[in-house]
Each structure stands twice: as structure tokens, then as C-alpha cells.
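> Below you'll find the structure I mean.
Numbering (the working numbering), first residue to last: 5 to 273.
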């Protein structure tokens, strides 16, 4: 089983403050390895934590406008280095949530359909990594894997096409029930997500507020302090699997895609 949380914020310096706000709604499952990824000074930063590492460390994301956190229970014979999420390819990070029937067959069928350079990049045993490569293939088909001007709507459309391909490949592998999974991807400039079947995925819009335990700021802190003003001005969008809708969280409809651009404009299709 795997879980994923992604957050895009207006202030990279306060990304950990924003993660603190949503952390109580997203406990990592026991017995899972955890990974966190972000973009600092234009470069991808990744960290992985094994079963013995305190889960608190995973929430200390780098100063980044976008942060991805993911956990995954390792299967028999699987290692952390090639199975832990999020997965990376150049400037892209990707993670998936859910469990697929006949996951090994689905992985192999997805890999068989990939261009050679992407097929070679799938080194681990997980279906999520193969799904990532399929998403990259969708972007390659329109020549935009490395396009820094890629808009969120186009990225979301390609992610949605990837999700449909997973459903089709699952059916071709003999899976008779509709798979349930969620996918999240980002290049550090846009954030996109989609869900299928019974795997829930919810999102929330976080408005600025003064209160912050990390910086010891009370709710009634004076705007005369620059740090307080920064906290009040910040805005964020967060999307996560396994979070029950309510208290500001909205369930993403089955089959829908969510796209968030750098201005934090949210589009759902």
C-alpha cells in the first residue's frame, strides 16, 4: 500500500510551516519507507527514510514551492533505493497511491509500451515507477518533458491519459475489477493529480494565518513583524490520499484531474 501528499505554496521559506498544518490529517502507515522531494535553487532534492528513521524527519522538506511526500510498504525482496517514492526523472517527481491487482503484470505491460530510454529508466519492481515512465512518455509525445513553460492544464491532461492507460493495461492483464489508484506529479512549477476507482484523493486550499507553532507565533500576533506578515500572505494548495473530505478538504471526483499553476490557480476537469 502506498500514500502520497503534495503541496504547492506561494512562499518556499514557509513550506515546512504549511506541512505542519496538514500533518495531523496524514499519518504515515506503520512499516512503510518514506520519501520527500522538492526543488531548491532550481535543483531537485530527495531524501528517503527507512523503517527505523523517525517519521518526523520526512516533514522537514527543503525550501521549495512544491513538496512531495510519499510512503510505501515494501514487498518481499524490495529495497528502499529502488522502491521508495517519490520517483525522479530529470526535473520531474512522481508518486502514486493505491494497490493494483496483478501489479507485476501491469508493470511489465506498461514497460513494454515505453520508448527505449524510458523503459531503461524503470529499474525498480513497482507499478508506480512504470506509471511514472508512462506519464513521461505522454509528455514526450508532445515534446514537453523538459519544457519549463509547460502549463498545468496540459500536464494534467497527460497525467489523465496515463491513468486511462493503466486502466486499459490492467484489463488486458486479466484484472476484472476496476483498479483504484491516485497519481501525483510535479516539475517544481506546476502540480497535477488524478484518481481512479476506490482510491480516495482530496485537496484543500490553505489561506494565510499568523498562528505558527514552528515560529512560536500566536493567532493574534501583530502585523508589525515581517514574519507575521509573511505568514498571513502565504497561500497553499495541498492534495493527499487517504484524507477524509470535510473541514476544508474536498474529495477529487473519480476520474477527475487537478491542475495547479504557479499562481495557485486550481482547475479540475
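Even for Gly, the Cβ is constructed at its ideal location relative to N, Cα and C. Remember, it's a predicted structure, so these values are computed and weren't measured experimentally.
(1) Mind checking residue 146: buried by the 16 CB within 10 Å criterion, or exposed?
(2) Can the beta-carbon of residue 35 be found closer than 9 Å to that of residue 9?
(3) Among all the DSSP beta bridges, which residues are the ones paired with residue 190?
(4) Pull up the distance between the alpha-carbon of residue 220 and that of residue 171, whole angstroms please.
(5) Check the DSSP bridge columns for residue 102 and list the partner residues they point to.
(6) Would you call residue 47 buried or exposed, if buried means 16 or more other Cβ atoms sit within 10 Å of its Cβ?
(7) Since residue 36 sits in a beta bridge, which residues does DSSP pair it with?
(8) Which same chain residues, not among the five before or five after residue 223, have their C-beta less than 8 Å away from its C-beta?
(9) Can you tell me whether residue 89 is buried or exposed? The criterion is at least 16 other CB atoms within 10 Å of its CB, across all chains shown.
(10) Are three or more beta carbon pairs between the segment 15 to 33 and the segment 156 to 172 nearer than 8 Å?
(11) Decide if the segment 199 to 208 is in contact with the segment 242 to 249; the criterion is three or more beta carbon pairs, one per stretch, under 8 Å apart.
(12) Which value, in whole angstroms, describes the spacing of the CA atoms of residue 173 and residue 270?
(13) Suppose contacts are defined by Cβ-Cβ distances below 9 Å. Is residue 38 in contact with residue 74 by that definition?
(14) Is residue 158 helix, strand or coil by DSSP?
(15) Could you give the first and the last residue of the continuous beta strand (DSSP E) run that contains residue 226?
(16) How long is the line joining the alpha carbons of residue 257 and residue 198, rounded to whole angstroms?
(17) Among 71, 185, 196 and 194, which one has its Cα closest to the Cα of residue 43?
(18) Going by the CB atoms, is the gap between residue 186 and residue 204 shorter than 9 Å?
(19) Taking only three categories from DSSP, how would you classify residue 206?
(20) Among 143, 22, 135 and 26, which has the Cα closest to the Cα of residue 112?
Working from what's here:
(1) exposed
(2) When the beta-carbon positions are compared, residue 35 and residue 9 stay at least 9 Å from each other.
(3) 97 and 195
(4) 47 Å
(5) 185
(6) exposed
(7) In the DSSP assignment, residue 36 forms no beta bridge with any residue.
(8) 213, 214 and 215
(9) By the 10 Å Cβ count, residue 89 comes out buried.
(10) no
(11) yes
(12) 30 Å
(13) yes
(14) helix
(15) Careful: residue 226 lies outside any beta strand (DSSP E) and carries neither H nor E.
(16) 9 Å
(17) Comparing Cα-Cα distances from residue 43 to each of 71, 185, 196 and 194, the minimum goes to 71.
(18) yes
(19) strand
(20) Comparing Cα positions, the closest option is 135.
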